[in-house]
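Position in the sequence shown (first residue = 1) + 19 = the numbering used here.
Each residue gets a CB set at the ideal place from its N, CA and C atoms; glycine is no exception.
Remember, it's a predicted structure, so these values are computed and weren't measured experimentally.
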Amino acid sequence: METTIAAISTAMSASGIGIVRISGENSMDVISRIYRSKGGRKKIKEVPSHTIHYGYIYDGDELIDEVLVMIMKAPKTFTGEDTVEIDCHGGVFAMRRVLETVLKNGAEIAAPGEFTKRAFLNGRMDLSQAEAVMDVIQAKNENALRSSMDQLKGSVKKAVKEIRDTLIYNIAYIESALDDPEHISLEGYPQKLMKIVDKEQKKIKQLLKTSSDGKIIQEGIQTVILGKPNAGKSSLLNLLIGENRAIVTDIAGTTRDILEEYINLHGITLKIVDTAGIRETEDVVEKIGVNKAREMAKNADLILYVVDSSVPLDKNDEDIMEMLDGKKTIILYNKSDLKPVFDINCLKEKTGHPVISVSAKEEKGINELEDKIREMFFGGEISFNDEVYITNARHKEALAEADKSLDLVRNSIEMGMPEDFFSIDLMNAYESLGKITGESVEDDLVNEIFSKFCMGK
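What follows is the structure in structure tokens.
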């Protein structure tokens, strides 16, 4: 925290503009050594905060680039420290050359996520908001972006803080009563506490309830395409993503490995996986692909079972149908442009899953598929209300721990245990919720979280 850090904060590719960010107590000294205004008259250290200045970056007497420099003085900055952003030309070499000059003049290269980590450590945001920064960057659809922005504005922080405030008040009340029983009575308090626990536990359970939808909003629906070889799985994938990503041939067993793509179907994000055709085979490589397909199907949120309507059902189809038990599944009655050899209703009767007639070749049935997915996962429509969504697995785990601790409080009250037992479990719940906001978290975990950030953020 005592060093001044710098990094390139835009993508390392040819672009119209590139940004080199500097943060730390020596930021103004660093920029003053390398910046010259047009005509050389302006001293950058003396300019007002939150102003932008046109000039040049020099490495000694060598002109490096023509730039705009944004000056932001602490504490009203992203990190809470003096911060400088240099807007230079977006060429990869130009950005690197500007960064090299900054480092040569007193800054050190920033670690991944170090700017956001400093914002957290300086109290500019809590840990849930810091994690939302990366969620915003990685958002794959409008709902994911809105959820992440709500978290960045403090929606999760606010919900957790309200519960923690109630818990800590009651912990303090119990401890005070135990220390000063002559003036603070605990008579009738267990019954009162039970009502409080009920209320706060309902809030926690409601947050936990949103985690499934939150995961889907943030990460997409984990979707696996299953079917026999040559059923049209790869053709379907190519149609959904709008390009020839998967190899399509008439040779059975062409797809042997897992192929993953993200697609957006009018607001629904699918993390879609094309798999090897399910069949009995002696080919060693193909067998590995089939086993991978089975494993992926076990963890899928949704299975798209592609059936070739122009060939009879066989033992391989029966094997696949067994894999569908307990899984959300849509069966695609494919190659509807050809003459079918069995009726579509046969699949409905055999599996009990919805069946849609499609033709990957003629691009038919995709709208019906979208409607069915929307119905399965979003009750027929995709809407985003003011509800707080838990999209982070770490937050879900912390909420579950808090829920268990409040269960123990409830049990202690029902068993007539001494009040200090209540205090212990209330404190455990309070500490568990503090892991979400970063108030009860180990340094190692903080470092691990920010190490997953991109450079310059």
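- A direct Cα-Cα distance of roughly 20 Å separates D184 from L205.
- DSSP lists R40 as the beta-bridge partner residues of A26.
- Exclusion of the five residues before and after A448 leaves L186, A421, S424, L425 as the residues of its chain whose Cβ lies within less than 7 Å of its Cβ.
- Annotation: P373 to K159 spans about 27 Å, alpha carbon to alpha carbon.
- DSSP lists I322 as the beta-bridge partner residues of T348.
- The residue among D390, G246, E238, K380 with its C-alpha nearest the C-alpha of L332 is G246.
- For a cut-off of 8 Å, the C-beta gap from I41 to V49 is around 6 Å, short enough to register as a contact.
- Counting along the chain, D338 sits inside the alpha helix (DSSP H) bounded by residues 334-342.
- Taking the CA atoms as reference points, Y352 sits about 24 Å from N310.
- Annotation: the continuous alpha helix (DSSP H) that includes N257 extends over 252-260.
- For the pair of segments examined, the stretch 326-341 was found not to touch the stretch 222-229: the number of CB pairs separated by less than 8 Å stays below three.
- Residue nearest to D106 within the set S147, V86, L427, G371 is V86 (criterion: CA-CA distance).
- Counting the other Cβ atoms within 10 Å of the Cβ of N364 gives fewer than 16, which makes it exposed.
- Burial check for A30: the Cβ neighbour count within 10 Å stays below 16, so the residue is exposed.
- Going by DSSP, I291 is part of the beta strand (DSSP E) stretching over 287-293.
- For H72, the beta-bridge partners assigned by DSSP are V88.
- For G371, the closest of S355, V360, E341 by C-alpha to C-alpha distance is E341.
- Looking at the backbone, the Cα of K214 and that of D101 are separated by about 48 Å.
- It is roughly 45 Å from the alpha-carbon of V66 to the alpha-carbon of I182.
- For I76 against V117, the beta-carbon gap comes to about 5 Å, under 8 Å, which counts as contact.
- As the crow flies, the alpha-carbon of G207 is around 42 Å from that of K234.
- In the three-state scheme derived from DSSP, where H, G and I count as helix and E and B as strand, N283 is classed as strand.
- Along the stretch 101-173, the alpha helix (DSSP H) occurs as fully enclosed runs of 4 or more residues at 111-123, 133-140, 146-157, 161-171, listed in sequence order.
- Minimum Cα-Cα distance from D439 among the listed residues K123, S195, Y73 corresponds to S195.
- A buried status is given to P248, since no fewer than 16 other beta-carbon atoms sit within 10 Å of its beta-carbon.
- It is roughly 15 Å from the alpha-carbon of I36 to the alpha-carbon of A26.
- Between the alpha carbons of L464 and S28 lies a gap of roughly 24 Å.
- C-alpha of V103 to C-alpha of I236: approximately 35 Å in a straight line.
- Here V66 carries a coil assignment [DSSP, helix/strand/coil].
- Taking the Cβ atoms as the reference, P209 lies roughly 5 Å from I432, within the contact range of under 8 Å.
- Taking C-beta atoms as the reference points, V377 and V216 fail to come closer than 8 Å.
- A direct Cα-to-Cα measurement between I322 and K347 gives close to 6 Å.
- Between the alpha carbons of Q220 and M436 lies a distance of about 20 Å.
- Between the alpha carbons of V330 and V360 lies a gap of roughly 6 Å.
- Taking the C-beta atoms as reference points, T98 is found no nearer than 8 Å to F472.
- Shortest Cα-Cα distance from A129 to any of M20, M446, L418, T456 involves M20.
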